[in-house]
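Report on the structure given below.
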Amino acid sequence: MSQPQAAVGASVARVDARLRVTGKAKYAGDNNPDGVVHAVIVDSRIGLGHITGVDAVAALAQPGVLTVISHLNAPKLPPVQSNGYPPGTPLRAFQDDKVRFFGQPVAVVVATTLEVAQHAASLVQVSYDAERPSTDLSAAPPADNPETYARGDADRALGSADVKLDLTFQMARQHHNAMEPAGIVARWDGDKLTIWEKSQAVQYSGFSMAAEFGIPPENVHVISPVIGGAFGNAFRTWVHSVIAAIAARQVERPVKLVLTRKQLYFGIGYRPAYSYGLRMGSDRRGHLTAAVHDVNSETSAYETHLEDTLVPGRMLYSTPNVKQTHRSVPLDVNTPTWMRGPGYSTGAYPLESAMDELAHELGIDPIELRLRNEPADDQSNGLPFSTRRLRECYTTGAREFGWKRRNLRPGSTRDGDWYVGMGMAAGVYDTQRAASQASVRLNVDGTALVQSGTSDMGPGTATSMTQVAADALGLTMRRVIFRLGDSTMPPAAGHFGSQTMASVGSAVQDGCDKLRKEAIALAVKDEDSALHGADPAHVEVRGGRLYVTGDPARGETYQRLLSRNKRAYLEVLGSWAPPEGAARYSLYAYAATFAEVAVHARLGLVRVRRMLGVYDAGRIISPALADSQALGAMIGGLGAALLEHTVTDHRDGRIVNANLADYLVPSHADIPDIRAVYLADGEDLVADPIGVKGLAEIVCIGVTPAISNAVFNATGRRIRQLPITPELLL
Amino acid sequence: MYPFTLTKPTGTTEALQAGGRGGRYIAGGTTLVDLMRETVERPGVLVDITALPLRDTALTKGGALRIGALVRMTEAAAHPLVRDLYPVISQALELSASAQLRNMATIGGNIMQRTRCTYFRDVTADCNKREPGSGCAALNGFNRGHAILGTSDQCVATHPSDLAVALAALEASVHLTAPDGSRRTIPFTDFLLQPGSTPDREQALQPGELITAVEIPAMPRPLKSGYLKVRDRQSYEFALTSAAVALHIRSGVIREAKVAAGGVGTVPWKLPAVEQALIGERPSDRLWSKAADHAADGAHPLTHNGFKVELLKRTVEQQLRTVGGTS
Chain A
1 MSQPQAAVGA SVARVDARLR VTGKAKYAGD NNPDGVVHAV IVDSRIGLGH
51 ITGVDAVAAL AQPGVLTVIS HLNAPKLPPV QSNGYPPGTP LRAFQDDKVR
101 FFGQPVAVVV ATTLEVAQHA ASLVQVSYDA ERPSTDLSAA PPADNPETYA
151 RGDADRALGS ADVKLDLTFQ MARQHHNAME PAGIVARWDG DKLTIWEKSQ
201 AVQYSGFSMA AEFGIPPENV HVISPVIGGA FGNAFRTWVH SVIAAIAARQ
251 VERPVKLVLT RKQLYFGIGY RPAYSYGLRM GSDRRGHLTA AVHDVNSETS
301 AYETHLEDTL VPGRMLYSTP NVKQTHRSVP LDVNTPTWMR GPGYSTGAYP
351 LESAMDELAH ELGIDPIELR LRNEPADDQS NGLPFSTRRL RECYTTGARE
401 FGWKRRNLRP GSTRDGDWYV GMGMAAGVYD TQRAASQASV RLNVDGTALV
451 QSGTSDMGPG TATSMTQVAA DALGLTMRRV IFRLGDSTMP PAAGHFGSQT
501 MASVGSAVQD GCDKLRKEAI ALAVKDEDSA LHGADPAHVE VRGGRLYVTG
551 DPARGETYQR LLSRNKRAYL EVLGSWAPPE GAARYSLYAY AATFAEVAVH
601 ARLGLVRVRR MLGVYDAGRI ISPALADSQA LGAMIGGLGA ALLEHTVTDH
651 RDGRIVNANL ADYLVPSHAD IPDIRAVYLA DGEDLVADPI GVKGLAEIVC
701 IGVTPAISNA VFNATGRRIR QLPITPELLL
Chain B
1001 MYPFTLTKPT GTTEALQAGG RGGRYIAGGT TLVDLMRETV ERPGVLVDIT
1051 ALPLRDTALT KGGALRIGAL VRMTEAAAHP LVRDLYPVIS QALELSASAQ
1101 LRNMATIGGN IMQRTRCTYF RDVTADCNKR EPGSGCAALN GFNRGHAILG
1151 TSDQCVATHP SDLAVALAAL EASVHLTAPD GSRRTIPFTD FLLQPGSTPD
1201 REQALQPGEL ITAVEIPAMP RPLKSGYLKV RDRQSYEFAL TSAAVALHIR
1251 SGVIREAKVA AGGVGTVPWK LPAVEQALIG ERPSDRLWSK AADHAADGAH
1301 PLTHNGFKVE LLKRTVEQQL RTVGGTS
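Chains as they are written, first to last, in our numbering: chain A, 1 to 730; chain B, 1001 to 1327.
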């Protein structure tokens, strides 16, 4: 019997809202175990070379300094293997004298106060034998073994195409710039390690940390109940976390280490810079015949970070002939990492820009061109789509945004000193899922505790899981507590790849369904229960009361049932895993993003006036949280389109705008009227039992091309690089 | 941050003595504390002057407007005299920083602001301003935000203040008191120094000298004025280019023109050639364009800031049109 739906689909306040806005939420750096001391990292001031000396005399002379650790006195750590991602040789903490990138940690100072540690760190004199680093994507050779894909004969088809485009796009490096800096508090008890760490994947973090020190994974306890934004940068165990644990072992006290804003620019990854060549051919009616993608992206010299950038180009549009090459370019930089919508958001920009250019070339409306190239199935593997409602995204978006008011002729709409234009773009992101478990305990007092070893990097996982659990258990949300962010909890998907709702949500659903059925089974067999002898299939639960469907007077509460049966609680373990074996469906979420921009005719300034996102993202569990995701993603996309750009000084590899005054993200004044629409009845039960397709990434994919296409429509100027800054439009 | 001691004198004499002994004056602290955290600034003694009686904004007998050094940016921007008489000052202030910073920062501190040059603020980079003789990393580094006017082979750092651009345009002056109690007043355009061969010297201040007020001279009325700030981000960013314009137009003829530019100079850049081209003329789109053509006279663009030459002309033209209107 299905349960009445009260919480799922309702716009509810976050369960941790009060905690967060009153400052009571305990982030990693807010933990102060007894005896905690402070560590501050000394960063390399060269971009490549060797350390020739470390003079810590002045630092050690500061009252309160406990130790200074560098490669000269650090403990030798056991070798570690890359666990698959990313391939290469991971950066280790103080294991050699080699400097691989500007800002690499070369020493750490531990002191009794943060202020003393900071000052002492500035007194550590490190001498170097410096070489000139290679940090320029456009000037360095790519590595061997590119990722390639081909179907048909793209070169030949391109040669005979009626219309041809040959375009090159440049995309700047971007940093996540989450509000909460990366931080950790590490404490050893014998050979057991407890870390309070900002982590999107507590169990993965535990495994990684155990490997670093050669101890069993069960000896590492990772605690990370709240996170202040991460966007992908808190997935890996970065070297600063290992440094904190080394320091804690050395001084035999808990050690707190929080990176400075500047250190975040070389300490925890970033979205790599890209150069993307795209040649595209079509017939006169706009049917794509061929596409050739030549992609270069930066990675470090010690690890290869390669993203799924090519996927949109092989499945978003019907294209019989496709050839793709993605090369990584190793540079003397720290390793990039996942950042919201990895690969797909980057790949959508050139693809969706090219579609706009083709539409203009052919004099076809950009939406009409996309409709003409809508595929019947996934041409990259021949699989049917589980659900694909991109056409509805287009038509809904066009209607809601007033697309028909768009002037087909670029540069022809003026509002005072400003040119005005509209643009749109499609987006796609794969529906990822991973095996997950959740424990569910129903207490005799009628409350429930649900726990799962996943994380919440900020969007409100605990809230949406509470909604799922409340409905499945037949409880109000206030009676359900959902806990996450502890490696001792049941194993679950980490919080990344838009997989958490599908994976953990399905495990929560499973556990709560099982528990409800167990309670119902207990009742119908209990001679003292009003439900004795009832058909379990016809018993449902609402507000903590079990009753016969259609006969609400016949029933009793969980509390009565459990207390009469002398059960302090009922407990089950819920689980869900995606089906094994070959995929039978192509699973993706889809988006259409619309933007209206104004471009100052004299000054080249671009200001976004309106944005709309329309999403085919499956069932929406928590609409208010979904809006937070979608609006935030469109704001992030606005930043990527117009502002965000990590700048490296190629002379020595220094990042010159490693702060939030010089690395620009949108301010409130930049944020226009934004709206998100989710296609109704979107549930995708092929994807998972609760019908969701993942939301966090799809909402940010297609935002940059929607804006740059709008800039073209406003001005008639094609800018094929991000960000689009005023000097490009003068 | 290097260790320091903090004193908080209650009287001006006591403060001046502490300044005379080498103490650094601190008011809102929005620049100095920031730079201390980066260890760019390492003062041993800070003299907190916020208790001094320098918070008045008033007209002098001669009709000039005097703003006390400790008036907060927010207070100055909202002051009826400033708003009524010199909208260009209000606008420059309101387009600066963020509301939180404007609530802390003072007028005296604002004109003492140090450059946002990334190499100046990074103690691991070469910078003649921070460490004379070490070289200028910006000359051949990333210099999109750097100056095209008033530069030298020693320094190309841009002066960051918006208020300073308005003060330069209006030919303001700065009131100073020395540790021995002696007072002097110097033109604002002489107060800030171009880098030349001594980029570490940024103001014409003697050791221990204290800014007590800035004074904007009386201007003929009616006076139309305004400030335009061009930047990538709509709020909370330093200027790529900016223009402060004040025009006195009588009987359809421009009698007085005060124009200065920001974001482009090592100091706020007064534009006398633009002013000369305006005086005696009648407002017209052609005039704005013709006058603004002189805005970048003498510019020396670098690798990444060449666009500022054209952007500056357009910024000045845009703001002349906004303030002067079109015929």
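Quick reminder that beta carbons are idealized off the backbone N, C-alpha and C, glycines included.
Can you pull the chain B residues whose beta carbon is under 8 Å from the beta carbon of Leu664 (chain A), in chain order? For a Cβ distance threshold of 8 Å, residue set Asp1232, Arg1233, Glu1237 of chain B lies close to Leu664 (chain A), ordered along the chain.
Can you tell me the Cα-Cα spacing of Gln629 (chain A) and Gly341 (chain A), whole angstroms? 12 Å
Would you list the one or two residues that DSSP bridges to Thr325 (chain A)? A:Thr148, A:Asp294
Does the CB of Asp673 (chain A) have a neighbour CB from chain B at under 7 Å? For Asp673 (chain A), the answer is no, since every Cβ of chain B falls outside 7 Å of its Cβ.
Please classify Val1036 (chain B): does DSSP put it in a helix, a strand, or coil? The residue you asked about is not Val; residue 1036 (chain B) is Met in the sequence shown. Helix, per DSSP.
Using the C-alpha atoms, what's the distance from Arg132 (chain A) back to His650 (chain A)? Cα to Cα, the separation comes out at about 9 Å.
is_contact[Glu727 (chain A), chain B] using C-beta, thresh 7 Å: yes
Leu257 (chain A) - partner residues in DSSP beta bridges: A:Ile184
Mind the definition here: the region 289-298 of chain A touches the region 260-278 of chain A only if three or more C-beta pairs lie below 8 Å; say whether that holds. yes
By the criterion of Cβ-Cβ separation under 9 Å, what are the contact partners of Pro1195 (chain B) in chain A? Residues of chain A passing the Cβ test: none, with the nearest at roughly 20 Å.
Under 7 Å by beta carbon: chain A residues contacting Thr1124 (chain B): Arg45
Can Gly637 (chain A) and Pro726 (chain A) be called in contact, C-beta distance under 7 Å? Against a cut-off of 7 Å, the Cβ pair of Pro726 (chain A) and Gly637 (chain A) comes out as no contact.
What does Arg1286 (chain B) touch in chain A if you count any residue whose Cβ is under 9 Å from its own? Ordered by position in chain A, no residue passes the 9 Å Cβ test against Arg1286 (chain B), which lies about 15 Å from the chain.
On the CB-based measure, 16 or more other CB atoms within 10 Å of its CB, does Asp55 (chain A) come out buried or exposed? exposed
Is there a Cβ from chain B that is less than 7 Å from the Cβ of Arg602 (chain A)? yes
If Tyr394 (chain A) and Glu697 (chain A) are in contact, beta carbons under 8 Å, what's the gap, nearest whole angstrom? 20 Å between Cβ atoms; not a contact.
Below 8 Å on the Cβ atoms is my contact criterion, and I expect Ala1273 (chain B) with Val1165 (chain B) to pass it. Report the Cβ-Cβ distance as a whole number of Å. In fact, because the Cβ distance is near 17 Å, the residues do not count as touching under 8 Å.
Buried or exposed for Glu596 (chain A), please, with buried defined as at least 16 other CB atoms from any protein chain shown within 10 angstroms of its CB. buried
Would Thr1039 (chain B) count as contacting chain A if we go by Cβ distances under 7 Å? yes
Which runs of the beta strand (DSSP E) spanning at least 3 residues fall entirely within the region 1167-1207 of chain B, listed in chain order? 1173-1177, 1183-1187
Whole-angstrom C-beta distance between Val572 (chain A) and Lys514 (chain A), which should lie under 8 Å: 5 Å
I think Leu1240 (chain B) touches Lys1308 (chain B), with their Cβ atoms under 8 Å apart; what is that distance to the nearest whole Å? 7 Å
Quick check on the burial criterion: 16 or more other C-beta atoms within 10 angstroms. Buried or exposed for Gln509 (chain A)? buried
Where Phe1307 (chain B) meets chain A, residues with beta-carbon distance less than 8 Å: Pro726, Glu727, Leu730
Between the beta-carbon of Ile41 (chain A) and the beta-carbon of Pro105 (chain A), is there less than 7 Å? yes
Name the residues in the region 641-657 of chain A whose C-beta lies less than 8 Å from a C-beta of chain B; which are they? Residues of the region 641-657 of chain A with a Cβ closer than 8 Å to any Cβ of chain B, in chain order: Leu642, Leu643, Val647, Asp649, Arg651, Arg654, Val656, Asn657.
Which residue marks the beginning of the beta strand (DSSP E) containing Gly1262 (chain B), and which one marks its end? 1253-1262
With which residues is Trp1288 (chain B) paired in a DSSP beta bridge? In the DSSP output, where bridge partners are listed per residue, Trp1288 (chain B) has none listed.
Give the secondary structure of Ile520 (chain A) by DSSP, where H, G and I count as helix, E and B as strand, and everything else as coil. helix
Cβ-Cβ separation, Asp456 (chain A) to Leu484 (chain A) (assumed contact under 8 Å), whole Å: Sure, about 6 Å apart at Cβ, within 8 Å.
Burial state of Asp1153 (chain B) (16 or more Cβ within 10 Å): Asp1153 (chain B) comes out exposed.
Name, in chain order, the residues that DSSP records as bridge partners for His221 (chain A). Per DSSP, A:Thr194.
Would Gln1319 (chain B) pass as an interface residue toward chain A - the criterion being a Cβ-Cβ separation below 7 Å? no
Inter-residue spacing [alpha-carbon to alpha-carbon] between Met489 (chain A) and Gln451 (chain A): 6 Å
Spatial neighbours of Leu570 (chain A) within its chain, please: C-beta separation below 8 Å, excluding the five flanking residues on both sides. Counting only Cβ-Cβ distances below 8 Å, and skipping sequence neighbours, we find Arg441, Leu442, Leu515, Glu518, Ala519, Leu522, Leu562.
Taking Cβ-Cβ distances shorter than 8 Å, what residues in chain A pair up with Pro1220 (chain B)? Neighbourhood of Pro1220 (chain B) in chain A, by CB distance below 8 Å: empty, with the nearest CB roughly 29 Å away.
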